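Top line first, the protein sequences correspond to chains S and H. Each residue of the first sequence is one higher than the one before, counting from 1 in the UniProt record's numbering. Each residue of the second sequence is one higher than the one before, counting from 1 in the UniProt record's numbering. Every residue gets a Cβ at the ideal spot worked out from N, C-alpha and C, and that includes glycine. These numbers were taken from a predicted model, which means no experiment stands behind them. Taking it in order: structure first as structure tokens, then the write-up.
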Amino acid sequence: MTAYLITSVSVVGAAPTDLLIRDGVIAEVGPDLTAPDATVIDGTGLVALPGLVDLHTHLREPGREDAETVESGSRAAALGGYTAVCAMANTSPVADTAGVVEQVWRLGREAGLVDVQPIGAVTVGLAGERLAELGAMADSAARVRIFSDDGHCVADPKLMRRALEYVKAFDGIIAQHAEEPRLTEGAQMHEGEVSTRLGLIGWPAVAEEAIIARDVLLAEHVGSRLHVCHVSTAGSVEVLRQAKARGVRVSAEVTPHHLLLTDERAESYDPVFKVNPPLRTAADIAALRAALADGVIDVIATDHAPHAVEDKECEWAYARPGMLGLETALSIALDVLGPEWDLIAERMSRTPARIAGLTGHGVDPAPGVPANLTVIDPAARRTIDPAELASRSRNTPYARMTLPGRIVATFLRGEPTVLDGKAVK
Amino acid sequence: MIKHLLSGGDLDADTATEILDTAAEMATVAGREIKKLPALRGRTVVNLFYEDSTRTRISFEAAAKRLSADVINFSAKGSSVTKGESLKDTALTLQAMGADAVVIRHPASGAPHRLANWVDGSVVNAGDGTHEHPTQALLDAYTMRARLGRLAGLSVAVVGDVLHSRVARSNVLLLSTLGAKVTLVGPPTLIPVDIAGALAPGTDVSYDLDSVLPNVDVVMMLRVQRERMNDSYFPSAREYARRYGLDGPRMRRLPEHAIVMHPGPMNRGMEITPEVADSPRSTIVEQVTNGVSVRMAVLYLLLGGNNR
Numbered sequence: 001m002t003a004y005l006i007t008s009v010s011v012v013g014a015a016p017t018d019l020l021i022r023d024g025v026i027a028e029v030g031p032d033l034t035a036p037d038a039t040v041i042d043g044t045g046l047v048a049l050p051g052l053v054d055l056h057t058h059l060r061e062p063g064r065e066d067a068e069t070v071e072s073g074s075r076a077a078a079l080g081g082y083t084a085v086c087a088m089a090n091t092s093p094v095a096d097t098a099g100v101v102e103q104v105w106r107l108g109r110e111a112g113l114v115d116v117q118p119i120g121a122v123t124v125g126l127a128g129e130r131l132a133e134l135g136a137m138a139d140s141a142a143r144v145r146i147f148s149d150d151g152h153c154v155a156d157p158k159l160m161r162r163a164l165e166y167v168k169a170f171d172g173i174i175a176q177h178a179e180e181p182r183l184t185e186g187a188q189m190h191e192g193e194v195s196t197r198l199g200l201i202g203w204p205a206v207a208e209e210a211i212i213a214r215d216v217l218l219a220e221h222v223g224s225r226l227h228v229c230h231v232s233t234a235g236s237v238e239v240l241r242q243a244k245a246r247g248v249r250v251s252a253e254v255t256p257h258h259l260l261l262t263d264e265r266a267e268s269y270d271p272v273f274k275v276n277p278p279l280r281t282a283a284d285i286a287a288l289r290a291a292l293a294d295g296v297i298d299v300i301a302t303d304h305a306p307h308a309v310e311d312k313e314c315e316w317a318y319a320r321p322g323m324l325g326l327e328t329a330l331s332i333a334l335d336v337l338g339p340e341w342d343l344i345a346e347r348m349s350r351t352p353a354r355i356a357g358l359t360g361h362g363v364d365p366a367p368g369v370p371a372n373l374t375v376i377d378p379a380a381r382r383t384i385d386p387a388e389l390a391s392r393s394r395n396t397p398y399a400r401m402t403l404p405g406r407i408v409a410t411f412l413r414g415e416p417t418v419l420d421g422k423a424v425k
Numbered sequence: 001m002i003k004h005l006l007s008g009g010d011l012d013a014d015t016a017t018e019i020l021d022t023a024a025e026m027a028t029v030a031g032r033e034i035k036k037l038p039a040l041r042g043r044t045v046v047n048l049f050y051e052d053s054t055r056t057r058i059s060f061e062a063a064a065k066r067l068s069a070d071v072i073n074f075s076a077k078g079s080s081v082t083k084g085e086s087l088k089d090t091a092l093t094l095q096a097m098g099a100d101a102v103v104i105r106h107p108a109s110g111a112p113h114r115l116a117n118w119v120d121g122s123v124v125n126a127g128d129g130t131h132e133h134p135t136q137a138l139l140d141a142y143t144m145r146a147r148l149g150r151l152a153g154l155s156v157a158v159v160g161d162v163l164h165s166r167v168a169r170s171n172v173l174l175l176s177t178l179g180a181k182v183t184l185v186g187p188p189t190l191i192p193v194d195i196a197g198a199l200a201p202g203t204d205v206s207y208d209l210d211s212v213l214p215n216v217d218v219v220m221m222l223r224v225q226r227e228r229m230n231d232s233y234f235p236s237a238r239e240y241a242r243r244y245g246l247d248g249p250r251m252r253r254l255p256e257h258a259i260v261m262h263p264g265p266m267n268r269g270m271e272i273t274p275e276v277a278d279s280p281r282s283t284i285v286e287q288v289t290n291g292v293s294v295r296m297a298v299l300y301l302l303l304g305g306n307n308r
């Protein structure tokens, strides 16, 4: 196994030091390290962070390998600075059995670019009618701990209560896609001025807020862990703030796109901006950014959602919702938060690793810890070209935008997955 | 001149007025024995209709033919569309055939905007989903101007299912541009959120038709589908008609000069009674006639007929 010596690199924003990576772990940290056998990476001006961890990735395999595979999505993740991703369950077949989650887990191991941690479906076929075999998925080789019907809301309050209770047996967590389905029938974009102007059916903020309010009360009632996917509204932030103040065991994520893009993007009717939950208003963005800074929102998660060209190159209403995110998330975070490295590490690595129970991830580089880390050039600026992305799909909303930051290198257990900004395999 | 007509908001006051003035000239053609001008000879206009709309399609067809254009009707039924061809592929096909203008009717809001990315010719929105129907707004404005002599300063009530109405959106945009004052009237469930901010500042909303009628020059009744009651927009067709339908007694609350409009097709007995629809105040048949003239003007100006 090759050793790597990264010189004069800032670890999570601290004064520059050297990092020696050997045998899968951080061997040494300190000034003026020498290691004649090591490959040297000049880290001057670069920042090392614990490898990023994504709680919300769609890898599309099995079922839509034309849009993404575990391997292509893993490569995109590594290029984005990630060392672990949680793969959502809405594949075909749905990841609602031990067999499917083990398949995804195994494909992740074979790709070997990031740790792929499958998320299991809460209900059979994501149909919202009866519980999937949550225990079997938890006991499988994939050791599933997060369960989600993402893409669909577990709308039935009794079923949601049971799910929250049931997973306590193995310290599981229910990640809810908060969307009251009766309030969003046919919904195409955020309900507001722009939806009125464009004649597109609105997705009202209250449809998200009402479910989050219900779910934090349920989680409080049964003493369970709840995770709220892709929080998108100022009202949701207030519901979460109050729940956390009461001690409810709730965590929440926000996507990069909900931190940056508003519903006005829909004016083009280009479905690359169609996503669920939809892009909201500038006021929502301000509330989400504030909540990310003060901890009401715990995590930035990408909701990386690859879609084939034909599913986006069509009328808005017929397009599938979702956008790519893995290869641009760190840049958006840097753009939105500035070089607040400790906060970025907290929201994109340490906290998501803790929520997902991924030991060995989300740990700052220090002697003896697994060498899961990423190295960033914060001074670089890059213009996003969809054709250059490693994802099989091209549906990035940031095409032609110039964003700060570039991933220079990523290491998974001491092995480089990215060097010189390029995927190693 | 603009290249496409996708929204009532695409038109500034000068352009809109030019279209209305041109339409007035076109109207004189309709009075001739030979209703035809050579202006668009050799040009190809495609009517691309993804929704059944006989009245709009034949209006555009008549307009194009009176200008001597070659007209191709491409309807979703009996075409490759039902076999699942994408809008983009259809667009590329039309492009390859050399369409100078594509008139599109589509159930999805924004489809004409998408189409405009994929063809070189002009795109005319003939109604997209619940978004807009700009030539309807132009023919409505033409009709108001013809009947009342002006548009600036007019007070126009648009009554009914504004939420789902492409006619209402285009009318609010165009009438505001031309200086008319629009009041939207309907049950709160059928008035979209933030309408004034979304479309035109100064647009009023009222839930009380009776209080609005004495102060308007124009009342435009929108078609209301009975099925909306199944989605709880209102309790019953009967209750809707009682509160928001235009009947004889309500019509008599209008000022003497006020006109009654409807884009058609009407639900007689729902939003409008036969007594009103067939009264001298009603402009419903004129609107159809004016539609051809306005669409002639739009095609003529978009295709640069005035530059030849």
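For residue i, collect the residues of the same chain with a Cβ closer than 6 Å to its Cβ; drop the 5 residues on either side in sequence, then sort them by chain order.
i: residue 326/S; result: 76, 77, 80, 302 and 304
i: residue 181/H; result: 155
i: residue 185/H; result: 157, 159, 206, 209 and 212
i: residue 168/S; result: 224
i: residue 420/S; result: none
i: residue 172/H; result: 182, 199, 200 and 203
i: residue 263/H; result: 136 and 167
i: residue 417/S; result: 78, 113, 410 and 424
i: residue 131/H; result: 109 and 166
i: residue 69/S; result: 61
Between which two residues does the alpha helix (DSSP H) carrying residue i extend?
i: residue 32/H; result: Here residue 32/H belongs to no alpha helix (DSSP H), and DSSP marks it neither H nor E.
i: residue 274/S; result: Looking at the DSSP string, residue 274/S is not in any alpha helix (DSSP H), and its letter there is neither H nor E.
i: residue 99/S; result: 98-111
i: residue 127/H; result: Counting along the chain, residue 127/H falls outside any alpha helix (DSSP H), though it belongs to the beta strand (DSSP E) covering 122-128.
i: residue 290/H; result: 284-302
i: residue 171/H; result: 166-177
i: residue 170/S; result: No alpha helix (DSSP H) contains residue 170/S, which DSSP labels as neither H nor E.
i: residue 289/S; result: 282-294
i: residue 49/H; result: First-last for residue 49/H: 44-49, but that is the beta strand (DSSP E), not the alpha helix (DSSP H).
Measure the Cβ-Cβ separation of residue i and residue j and say whether it is below 8 Å.
i: residue 123/S; j: residue 87/S; result: no
i: residue 190/H; j: residue 162/H; result: yes
i: residue 207/S; j: residue 184/S; result: yes
i: residue 73/H; j: residue 61/H; result: yes
i: residue 156/S; j: residue 125/S; result: no
i: residue 368/S; j: residue 21/S; result: no
i: residue 323/S; j: residue 395/S; result: yes
Closer than 7 Å by C-beta to residue i: which residues in its own chain qualify, once you throw out the five before and the five after it? Chain order, please.
i: residue 360/S; result: 370 and 372
i: residue 222/S; result: 161, 164 and 165
i: residue 274/H; result: 268
i: residue 234/S; result: 283, 284 and 287
Just to confirm my understanding: we take residue i, look at its own chain, exclude 5 residues before and 5 after, and list those with CB closer than 8 Å. What are they?
i: residue 91/S; result: 59, 60, 61, 62, 63, 64, 100 and 104
i: residue 304/H; result: 1
i: residue 78/H; result: In this predicted model, residue 78/H has a pLDDT of only 49, less than 50, meaning its place in the structure is not dependable; the value taken from the coordinates is given anyway. Once the five neighbours on either side are set aside, residue 78/H has no close Cβ partner at all.
From what residue to what residue does the beta strand (DSSP E) around residue i run?
i: residue 313/H; result: Residue 313/H is absent from the model: chain H starts at 1 and stops at 308.
message: Could you check whether the region 260-267 of chain S touches the region 240-252 of chain S, counting it as contact only if at least three pairs of C-beta atoms, one from each stretch, sit closer than 8 Å?
response: Segments in contact, no.
- request: Give, in chain order, every residue of the region 294-318 of chain S whose Cβ lies closer than 7 Å to some Cβ of chain H.
  value: 310, 313, 314, 315, 316, 317 and 318
message: Under 8 Å: do the region 91-98 of chain H and the region 269-286 of chain S share three or more Cβ pairs, one atom per stretch?
response: no
Interfacial residues, the region 32-56 of chain H to chain S, with Cβ spacing under 8 Å: none
query: Is the region 401-421 of chain S close to the region 19-30 of chain H, with three or more CB pairs under 8 Å?
result: no
message: Counting only Cβ-Cβ distances shorter than 7 Å, please list the residues of the region 184-206 of chain H near chain S, keeping chain order.
response: Under the 7 Å Cβ criterion, the region 184-206 of chain H contributes 192, 193, 194, 195, 197, 198 and 199.
message: Closer than 8 Å is the cut-off here; do at least three beta carbon pairs connect the region 137-156 of chain H with the region 226-239 of chain H?
response: no
message: Against chain H, which members of the region 195-207 of chain S pass a CB distance test of less than 8 Å?
response: 195, 196, 197, 198, 199, 200, 201 and 202
- prompt: Taking one C-beta from the region 306-322 of chain S and one from the region 104-113 of chain H each time, how about it: are there three or more such pairs within less than 8 Å?
  reply: yes
- request: Could you name the residues of the region 184-195 of chain S whose beta carbon sits closer than 9 Å to any beta carbon of chain H, in the order they occur along the chain?
  value: 185, 188, 191, 192, 193, 194 and 195
query: Three or more C-beta pairs closer than 8 Å, one from the region 373-384 of chain S and one from the region 33-46 of chain S: is that the case here?
result: yes
task: Could you list the residues in the region 86-110 of chain H with a C-beta less than 9 Å from some C-beta on chain S, going in chain order?
output: Flagged, chain order: 86, 87, 88, 106, 107, 108, 109 and 110.
message: Output needed in chain order: residues of the region 113-133 of chain H with a Cβ under 8 Å from some Cβ in chain S.
response: Those residues of the region 113-133 of chain H that come within reach of chain S (Cβ to Cβ, closer than 8 Å) are 113, 114, 128, 129, 130, 131 and 132.
field: Short-range partners of chain S found in the region 163-174 of chain H, where Cβ spacing is below 8 Å
entry: Going along the region 163-174 of chain H in chain order, one finds 166 and 169 with a Cβ nearer than 8 Å to chain S.
field: Near-chain H residues of the region 74-96 of chain S (beta-carbon distance less than 9 Å), N- to C-terminal order
entry: Taking 9 Å as the Cβ-Cβ cut-off, the region 74-96 of chain S has no residue approaching chain H.
- prompt: How about the region 335-349 of chain S and the region 24-34 of chain S: do they share at least three Cβ pairs that are nearer than 8 Å?
  reply: no
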